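Protein chains: 2
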Amino acid sequence: MNFKESHHLILNNISRFIHLTELEKQKYVSLLTEIRVKKKDFLMQAGEITKYEYFITKGCLKVYTLDEDGAPHISMFAIEDYWTGDISSFMTKEPSRYYIKATEHSELLGISRTNYDVLFQEIPKFERFYRILYQRSLISYIRRSNHGISLTAEERYIIFKKKYPQIINRITQKDLAAYIGITPEFMSKIISKVNRM
Amino acid sequence: MNFKESHHLILNNISRFIHLTELEKQKYVSLLTEIRVKKKDFLMQAGEITKYEYFITKGCLKVYTLDEDGAPHISMFAIEDYWTGDISSFMTKEPSRYYIKATEHSELLGISRTNYDVLFQEIPKFERFYRILYQRSLISYIRRSNHGISLTAEERYIIFKKKYPQIINRITQKDLAAYIGITPEFMSKIISKVNRM
DNA sequence: TAAAAGTCTTAAACTAGTTCATTTTTTTTC
DNA sequence: GAAAAAAAATGAACTAGTTTAAGACTTTTA
């Protein structure tokens, strides 16, 4: 059996948690859709019902909401080997409040809501895969929500820099500010202060 | 087959996502441990390795960390029909950074780490149950982490009050402040302001 | 490759939230 | 049910982070 590079990447990601036979691998990749999105283009926009859960094989994207004043708040940056999407809209089939925009030319594999359900019927082992995937995401979001209410912006910046060195060089300071939850002006002050230390 | 009241509660919670046969129900409840904890007593403390994932059948508990200054930051309040614990320490078997303290006399059902693994082997359907449970928790923590960095304390208070009316009357204003992420003094100001509106 | 658009920096005036100290009110305990 | 302990309220002085504005630097686009 011969898989393309993107399929190798996603199968390798999955193999960290569950073991699949060659036949299951074939079945699984047959349920995926390939998606390309150019820099600055949207993978999805607020108001739409999320059609896919995504796995990034190349590039970088930002997932964000806009508040009443039109200010962006970035929920996550997704690069190669990351999963992303709006799990809430994907599950409830209600319109999303999120935008997903490529900050670099990106390539993704998507699984549609229909195929997501088929997947569980045909290869129940995937319940385990997603159980573990969501469990791990949950751990990091519990931590992030605690940091948001208990740490200063400077502390959150230092943690982000340490935890995601491979991301920080690929994003603008403005987007980093929208992720940390402060204005770009204050982000600029923090960075020059931390660098001076 | 005759189950006690607490077993009825937990089985009813589980039946929202998966269907169990009578035999599976019996098997499942045999893996649970009953726990009682008096008001102001700890269910667990920072430094311990989390032994159980908990389901609350009666009472109210707060899950919190202490920062370097000794100030508490509450991650969640758990009441009847809620699941709680420290999923990170439970999975990694590393010492927890959380305290769980009963704010009322409470009764819980716990599943140990060993039995959690046995459960998946014996009733693989539980992978699906936990997949859905974690997926839903994830959705609410993603939202909470966004609120923490994008909303004012007053907005977070109004949202909490609307979303958890059954909890707000059971907790102190001080604990609410530790959940919202502000000082008790500022919480007091916000509440009197919002009530005046 | 010049012009336009977007990003980053700096600074002054402002606001949301903290700190500290004191008093009042409510809850707990014996 | 009185005394002690904890929670809530209030206010003044403070700090982290915002707003607005303007200039310098960098990237994108025609």
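So the protein lines, in turn, are chains F and U. Mapping of the first sequence onto this note's numbering: position 54 corresponds to residue 54, and the numbering continues sequentially without gaps. For any residue, its number in this note's numbering is found by taking its place in the second sequence, counting from 1, and adding 1000. Backbone N, C-alpha and C define an ideal beta-carbon position, used for all residues, glycine too. All values derive from a computational prediction rather than experimental measurement.
Close partners of F:Pro184 in chain U (Cβ separation under 9 angstroms) are lacking, with about 14 angstroms as the shortest Cβ gap. Of the candidates F:Phe3, F:Asn146, F:Ala78, F:Thr84, F:Thr84 places its Cα closest to the Cα of F:Ser112. Apart from sequence neighbours up to five positions away, no residue of its chain approaches U:Ile1191 with a beta-carbon distance below 6 angstroms. Closest in alpha carbon position to F:Tyr98, among U:Asn1146, U:Lys1193, U:Phe1129, is U:Asn1146. Assigned with DSSP and collapsed to three states, U:Leu1032 falls in strand. For U:Phe1017, the closest C-alpha among the options U:Ile1149, U:Arg1128, U:Leu1138, U:Ile1158 is that of U:Arg1128.
The beta carbon of U:Leu1133 sits closer than 8 angstroms to those of Phe1017, Trp1083, all from its chain and outside the five residues before and after it, given in chain order. Put simply, the backbone Cα of F:Tyr28 is about 43 angstroms away from that of U:Glu1005. Interface residue (Cβ-Cβ distance to chain F less than 7 angstroms): U:Tyr1130 is classified as such. Under the DSSP assignment, U:Ala1102 falls in the beta strand (DSSP E) whose first and last residues are 1099-1102. One thing to note: U:Gly1059 has its Cβ within 7 angstroms of the Cβ of U:Glu1104. Out of F:Ser89, F:Leu66, F:Leu151, the CA that lies nearest to the CA of F:Tyr52 is found in F:Ser89. For F:His19, no beta strand (DSSP E) run applies, since DSSP gives it neither H nor E. Spanning the alpha carbons of F:Glu48 and U:Ile1049 requires a straight line of approximately 43 angstroms.
Taking C-beta atoms as the reference points, U:Arg1170 and U:Glu1107 fail to come closer than 7 angstroms. Distance from the Cα of U:His1007 is smallest, within the candidate group U:Phe1120, U:Tyr1179, U:Glu1080, U:Lys1039, for U:Glu1080.
F:Lys62 sits close to F:Phe77, with the two beta carbons spaced by under 7 angstroms. U:Ile1139 places its beta carbon 7 angstroms or farther from that of U:Arg1156. Setting aside the 5 residues that flank it on each side, U:Asp1067 is surrounded in the same chain by His1073, each with a C-beta closer than 8 angstroms to its C-beta; the list follows chain order. Distance from the CA atom of U:Glu1034 to the CA atom of U:Asp1041, rounded to whole angstroms, is 16 angstroms. The C-beta distance from U:Met1091 to F:Gln135 rounds to 7 angstroms, short enough to meet the 8 angstroms contact threshold.
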